[in-house]
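Okay, so the sequence shown: first residue is 70 according to the working numbering, each after it adds one.
Backbone N, C-alpha and C define an ideal beta-carbon position, used for all residues, glycine too.
Here the structure is a predicted model, which is why all the values come from computation and not from measurement.
What follows is one structure encoded as structure tokens, with my remarks underneath.
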Amino acid sequence: MDINQEDMSDPISGSDQNLNEVLKNETITLPMNCTGSGHTICCVCRLDIKEHAKTISSEDRDLVLLKKNVFIPEGARCCSVHMINHQLTTASIDRVAPLSIQYKKFNSSDIQVLVTKWQMLFEKKKRLDFDNLHSLSDDEYKTFTSLSKTQFDDLIFQISMSKIRNSSNRSIRTAIAILLCKLRLGLSNKMLAILFQLPEKKAISRALESARDALMTEFVPYNLGFNHISRREIIDQHTSAIASQLMCGDEADKVIVVADSTYIFIQKSRNNNFQRKTYSLHKKRSLLKPMIVVSTTGYIIDCIGPFFSDFSNNDASIMKNILFRNTNKIIDWLNQDDVVVVDRGFRDSVDIMEGLGLKVALPPFLNGRRQFTTTEANQSRYVTKIRWVVEAANARIKQFKFFSNTVQNSSLPHLEEYLSIFLEKNNLKKLTSKWEIINHTNILDEFPILSENDIVNNITLGVFQLKRARSYAEEKTSTTDLTGPVDYTMYRCKEFPDIIRIPTRSAHVNRLTHNPIIQFTSNDILEWWCDCSTGNGMLGCCSHIASAIWFLSFERWQSHNRQMPSGDFINLATDASLLSDFYDSTDDEDGTN
């Protein structure tokens, strides 16, 4: 019996098609933790979107579903503050919470696409991924680079106009991260290649070169050297009050700088001449000495050198060399009667500095005597009080493994550049010019008006912080009458006027001051953060933040002051420390005839 081949294949082909159709049309219903999907309500903070609504991308929706098991419906929107570069921030992802449980239908194609996306996310996962905003936390950024995530982003923005470009092996962000990791952790190029999953250590060398050139071109010249900052900026923003009073009697046009050298250990060299000049008889090792010049607040003005470390390159000789050569135009920047604070190692260069019209503050010498006079002893204390900032700056250098370890000879040609990059990265974290001091009355009309219930239900999520709020506010204003005229000062960000910082003294440690930071609109409190131990939590806020919000949004609008019994407790006892010591005696003296 003859069998037609076509007749046999048709039923099989038809059954396969039917099976595919059945599988394609088959669905499964799953209960999903879902956020809101409206266009007027933010799916992250659940507040009304006033302006600049952003649509959640499919990548962020998949990431939230994978990390938090929360389904964000397609087309859901959020406030613009929750995104950076069209991606949800890590803090925003952590803040996403389900609004309701909904039953969603998925067919086989949806499940297959979802599995494929998760597989792609898994395959793209790197050990250290600085390109993905969600990959590393803020603490991890600080551990690897010493910069916060925001500071790292600012640094990338500053070098965006340089010649550095993305390559097939690494991005611009990765190149900068490699350089900062090398300085921070002191790792070899081979180890960095493993961490950043690059094919060979030569790729690390090329990345370091590109990042170094970009930073030296677009970052260091604008943040290091006597040309990058004016004298007036140093006087107004980077001179401490105590240094101004002790060294120049509050004269408004005098600059006070502190200078000192530090040392960086290096390998021995087969070059005999270089080995002799870099061998320190004091440290018994080979090293180089850079000279650091800082303000009295610790702001690093310039780094000069490095210099050799043999007997002819002491601190005084280095200072003479700098002044004679007018290195980095230091003489042009300093004016007559400016103060230079140094230690005793600069004694042989005092005549040169005074000959140039500078005032030199250094500890006095005994010169064969057994004891300093009262004036000399006080002068020594003044100098010590002022010049500790340069010792602190030198100590910060040694916190980076690249500089605290022995520097390899292969890195010596770029040692000056690495020092400049580190010191200006340190200045990036110490900038204070972005804040201006204001009184609370300057923002009273801009700050939202809230009830105590609003604060408890939406901000503190508890009553404990609100009970502590009055105590902090009374201490800050030095009065218990918070509804009358009070002096409640704060700092306002110049770049973002909707951000304020309210320094608040610790209730437990006298010398400790916390810095709660609040972002607000005229209708609501958007974000808050504090540098205390509980100020970075995701739920509620600390008492320092609660006190500032309570005072500005509620208490200042009350017409009657609420007297608290404890407000007058300070008057129930006498403080002996308020009485000056007219005569200082000891038990031994009292017993002596």
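Per DSSP, what are the beta-bridge partners of residue i in this structure?
| i | result |
| --- | --- |
| residue 583 | 573 |
| residue 430 | 410 |
| residue 174 | 98 |
| residue 545 | Answer by DSSP bridge pairing: none, since residue 545 is not bridged. |
| residue 358 | 376 |
| residue 476 | 335 |
| residue 117 | 110 |
| residue 123 | 147 |
| residue 169 | 103 |
| residue 588 | 568, 596 |
To which residues of the same chain is residue i closer than 6 Å at the C-beta, ignoring the five residues directly before and after it?
| i | result |
| --- | --- |
| residue 249 | 214 |
| residue 218 | 207, 210 |
| residue 239 | 276 |
| residue 456 | 327, 410 |
| residue 204 | 198 |
| residue 75 | Confidence is the limiting factor: at residue 75 the pLDDT is only 43, short of 50, which leaves the residue's position unreliable and the question unanswerable from this model. |
| residue 500 | Only weak support is given to the placement of residue 500: the predicted model assigns it a pLDDT of 49, under 50, and the question is left unresolved by the model. |
Cutting at 7 Å between CB atoms, please list the residues of its own chain near residue i, excluding the five before and the five after it.
| i | result |
| --- | --- |
| residue 417 | 385 |
| residue 626 | 518 |
| residue 294 | 371, 397 |
| residue 346 | 377, 379 |
Tell me, to the nearest whole angstrom, how far the beta carbon of residue i is from that of residue j; I am working on the premise that it is less than 8 Å.
| i | j | result |
| --- | --- | --- |
| residue 281 | residue 493 | About 13 Å; that fails the 8 Å criterion. |
| residue 567 | residue 589 | 6 Å |
| residue 247 | residue 265 | 6 Å |
| residue 623 | residue 524 | 7 Å |
| residue 186 | residue 117 | The pair is not a contact, with the Cβ atoms about 31 Å apart (cut-off 8 Å). |
| residue 312 | residue 298 | Not really, about 17 Å apart at Cβ, beyond 8 Å. |
| residue 231 | residue 272 | Actually they do not touch by this definition, with Cβ atoms about 19 Å apart. |
| residue 506 | residue 560 | 6 Å |
| residue 97 | residue 175 | 6 Å |
| residue 111 | residue 146 | 7 Å |
| residue 262 | residue 363 | About 36 Å separates the two Cβ atoms, so there is no contact after all. |
In the DSSP assignment, find the unbroken alpha helix (DSSP H) run with residue i in it and report its ends.
| i | result |
| --- | --- |
| residue 159 | 159-164 |
| residue 329 | Run containing residue 329: none in the alpha helix (DSSP H); it sits in the beta strand (DSSP E), 325-330. |
| residue 470 | 470-473 |
| residue 617 | 612-622 |
| residue 447 | 443-467 |
| residue 409 | Segment 408-410 is the beta strand (DSSP E) holding residue 409; no alpha helix (DSSP H) there. |
| residue 315 | 310-317 |
| residue 245 | 241-254 |
| residue 210 | 207-214 |
| residue 274 | 270-287 |
| residue 385 | 384-394 |
| residue 226 | 218-227 |
| residue 347 | 341-347 |
Looking at the ligand GTP, does it come within less than 7 Å of residue i, judged from the CB to the closest heavy atom?
| i | result |
| --- | --- |
| residue 115 | As presented, the structure is devoid of all ligands, the ligand GTP included, so that no description of it is given. |
Between which two residues does the beta strand (DSSP E) holding residue i run?
| i | result |
| --- | --- |
| residue 374 | 369-376 |
| residue 596 | 594-598 |
| residue 505 | 504-508 |
| residue 558 | 558-562 |
Is residue i buried or exposed, if buried means 16 or more other CB atoms sit within 10 Å of its CB?
| i | result |
| --- | --- |
| residue 292 | buried |
| residue 228 | buried |
| residue 444 | exposed |
| residue 585 | buried |
| residue 99 | exposed |
| residue 374 | buried |
| residue 105 | buried |
| residue 359 | buried |
| residue 642 | exposed |
| residue 155 | exposed |
| residue 579 | exposed |
| residue 151 | buried |
| residue 307 | buried |
| residue 356 | buried |
| residue 430 | buried |
| residue 381 | exposed |
| residue 543 | buried |
| residue 157 | buried |
| residue 545 | buried |
Grab me the residues of residue i's own chain with a C-beta within less than 8 Å of its C-beta, minus the 5 sequence neighbours each way, in chain order.
| i | result |
| --- | --- |
| residue 475 | 334, 335, 336 |
| residue 548 | 555 |
| residue 433 | 441, 445, 448, 449 |
| residue 531 | 525, 609 |
| residue 123 | 146, 147, 148, 149, 151, 152, 155 |
Chain B beta carbons: is any one of them nearer than 8 Å to that of residue i?
| i | result |
| --- | --- |
| residue 403 | Checking the listed chains, one finds no chain B in this structure; it contains a single protein chain. |
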